[in-house]
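Residue numbers (my numbering), protein chains in the order written: chain G, 8 to 339; chain L, 8 to 339. Please read the structure below before turning to the comments.
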DNA sequence: CCTTTTCCTGCAACCGGTTGCAGGACCCCG
DNA sequence: CGGGGTCCTGCAACCGGTTGCAGGAAAAGG
């Protein structure tokens, strides 16, 4: 079997506690003793058993990252940034996928609870009170969701939605549609409110269609309903939905951006690869991943340091590409 | 703090070992005792501490899944299938990303080693001997890589590559190019060999360009070199590279499939969304994920049961879409 | 030279479970 | 009524580390 601390102790002729301290970087052990122990450990190939260590210290140096759907291109940049940043901070990030299933989400959190020091929940679908309760048992950081008393990293999608409305209104569109996201989505609610306000300010009409699955298929399915509203500009919950919409429109002979303008949200590769290239609200996903890890580590390491909850809001911007244009039949 | 087994024992008026056995589903405890214990545990909100359990049993019921780049659309379906299937088998899958960095890959395996019962390595870039050595310390299952003595799930990309060559030759292309993948990629080596053989069989010329980063950018960069070969049909290492190539060609005024035919590998969403829709070799990724988990659990649970290494080969197929056509200037 | 500090290391309990062993209660049978 | 099984539960050691406490040795101070 693998080396244990006792094997090292024996080989070095010291007590296990000395070996332990040599590794915990304790200044409590004489310099030359520590160096000797570490040298012996190294050539015995000893590595401390993190599981055992976790049992006494209560700290695993692992973080959980829960997302609703890894296949959504919104997540990978966030995940990669979180993992890379955690690594330099000496932590490990475990990613799990809930498949958009609330029950799985809760169960996953419970399962993870004992194996990680804290969890990052990205766009969770759980109800506020459930999240709040769970937050009492384990350090949490939310991304794209705000719950009283919990730290969160928010992306200013409200501002992004407003920019989208203004962009379309500026092009001359007078009737817009908003294709919202799934039930329980904080982002969707934010968009809806901000878009509504911006539309009022700009004096344009805005119809809201929701809820919808946050996927390409959701977009395809929603396409006919959008056409029925008669809107000439559409803002979708995310890039995937936007792409689905475009596909659905295409099947009905409606061309983008000639007949209809479409805006997505997230700025994913999918939107960049799509033809026409998608106009979209860019979300700072990598920054969000890093910030979430930073916040979580901070919370974990100052445990009991009171309610050090922090909310960070990251800016969004509008990236104009080829899926938006002036309306085909300007009013008047 | 959270409930421990001792709290439950005390509340139930029994010894901790009895509580432990009540949970381990031991038939060693009287039926009514067990029911009482479980009831009390339930309303105390007790959940066994997996970390502690792992310490004595040596089993964590966690599996590691290491991929080179989560952002590559090839992985998500595999990851989702693996996680979903593992869940029904009572296991948890932790995903980690190596960022295409061999050093990170090895370090990750070492870090994970103690926290999981086994690891699935998807398209690893590590050298054979390193993998073999690591395989001695921890149960492994490889995907898209074959190393003597280790279980593996292979996708028959060789057959897929041959189909691609035959498809192009059948359309009338007489000069093909293969844009290979990164150094250390088993898949790339397989493709190369099989495509070479098929080209010879078909009596067409095949130029090989490698290595290349397995990304869209890698394709963009490789585009000029491909044009220089004068080939009229191109097979790319994967869909991402194919899409990059198409983008690179487009920048030079070369249209697909009018001027050049392009075939990808993997059948990812990216290829389906791309315009023109990508002709590609479909890989059974979801099945591979499930099979890998199955194999790994089998290996783990029959530990010491001898070298029960199994190799599973999954079939691939060619999906013809819009990025391939008859050559613009047929020879003759 | 003796007392006080400081520095280092060993001892042993503990984290939260699991499990081999032993013994008590009870039943069956002769 | 005694001997031999079953069945169940408690005891205690153990998994691989960590850490408060105590004590010995060396260094500092008087």
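Ideal Cβ placement from N, Cα and C applies to all residues, glycine included. Computed from a predicted model, the values in this text were never measured in an experiment.
- Around the beta carbon of residue 318 of chain G, a 10 Å sphere encloses fewer than 16 other beta carbons of the protein chains shown; the residue is thus reported as exposed.
- Taking 8 Å as the CB threshold, residue 219 of chain G stays off the interface with chain L.
- Apart from sequence neighbours up to five positions away, the residues of its chain that approach residue 145 of chain L with a beta-carbon distance below 7 Å are 120, 125 and 126, ordered along the chain.
- Within chain G, 78 have C-beta atoms less than 8 Å from the C-beta of residue 84 of chain L, given in sequence order.
- Under a 10 Å Cβ-count criterion, residue 57 of chain G is classified as buried, with 16 or more other Cβ atoms of the shown protein chains found around its own Cβ.
- DSSP, read as helix, strand or coil, puts residue 14 of chain L in helix.
- Judged by pairs of C-beta atoms under 8 Å, the region 291-300 of chain G touches the region 79-92 of chain G, as three or more such pairs exist.
- Per DSSP, residue 9 of chain L lies in no alpha helix (DSSP H) and is assigned neither H nor E.
- With respect to the 8 Å criterion, residue 29 of chain G and residue 36 of chain G are classified as neighbours on the basis of their beta carbons.
- The DSSP-derived three-state label of residue 198 of chain L is helix.
- Under the Cβ distance rule, residue 227 of chain L does not count among the residues neighbouring chain G, no pair being separated by less than 8 Å.
- For the region 36-58 of chain L, residues whose beta-carbon sits nearer than 8 Å to a beta-carbon of chain G comprise 54, 56, 57 and 58.
- Contact of residue 30 of chain G with chain L by beta-carbon distance below 8 Å is absent, the smallest such distance being about 14 Å.
- If you draw a straight line from the Cα of residue 69 of chain G to the Cα of residue 100 of chain G, it is about 6 Å long.
- Contact annotation, residue 116 of chain G with residue 73 of chain G: C-beta distance approximately 7 Å; criterion of less than 8 Å satisfied.
- Of the residues assessed, residue 223 of chain L falls on the buried side of the cut-off, its CB having 16 or more other CB atoms within 10 angstroms.
- Taking one beta carbon from each stretch, the region 145-161 of chain G and the region 183-199 of chain G have 3 or more pairs nearer than 8 Å; the two touch.
- Taking 8 Å as the upper bound for CB-CB distance, residue 43 of chain G and residue 19 of chain G are in contact here, some 6 Å apart.
- Between the beta-carbon of residue 167 of chain G and that of residue 272 of chain G there is about 7 Å, and that keeps the pair under the 8 Å contact cut.
- Inter-residue distance for residue 316 of chain G and residue 238 of chain L is about 60 Å (C-alpha atoms, whole angstroms).
- Counting every other CB atom within 10 Å of its CB across the protein chains shown gives residue 251 of chain L a total of 16 or more, marking it as buried.
- Selection L:211, L:213, L:255 and L:206 evaluated against residue 229 of chain L yields L:255 as nearest (Cα-Cα).
- In the three-state reduction of the DSSP assignment, residue 273 of chain L falls in the strand class.
- For residue 29 of chain G, the uninterrupted alpha helix (DSSP H) segment begins and ends at 23-30.
- Under the Cβ distance rule, residue 259 of chain L does not count among the residues neighbouring chain G, no pair being separated by less than 8 Å.
- For residue 170 of chain L, same chain residues with a beta-carbon under 6 Å away, outside a window of 5 residues either side, are 325 in chain order.
- Collapsing the DSSP output to three states places residue 256 of chain L in a helix.
- For residue 240 of chain L, same chain residues with a beta-carbon under 6 Å away, outside a window of 5 residues either side, are 175, 180, 183 and 268 in chain order.
- Assigned with DSSP and collapsed to three states, residue 151 of chain G falls in coil, not helix or strand.
- Rounded to the nearest whole angstrom, the CA to CA distance from residue 156 of chain G to residue 247 of chain G is 32 Å.
- CA-CA distance, residue 186 of chain L to residue 136 of chain L, rounds to 27 Å.
- For residue 273 of chain L, there are no C-beta contacts with chain G under 8 Å, since the nearest C-beta of that chain is about 13 Å from it.
- Residue contact with chain G for residue 117 of chain L: present (Cβ-Cβ distance below 8 Å to some residue of chain G).
- Membership of residue 117 of chain L in the alpha helix (DSSP H) is indicated by the continuous run 109-120.
- Along the length of the region 58-95 of chain G, whole beta strand (DSSP E) runs at least 3 residues long occupy 69-74, reported in chain order.
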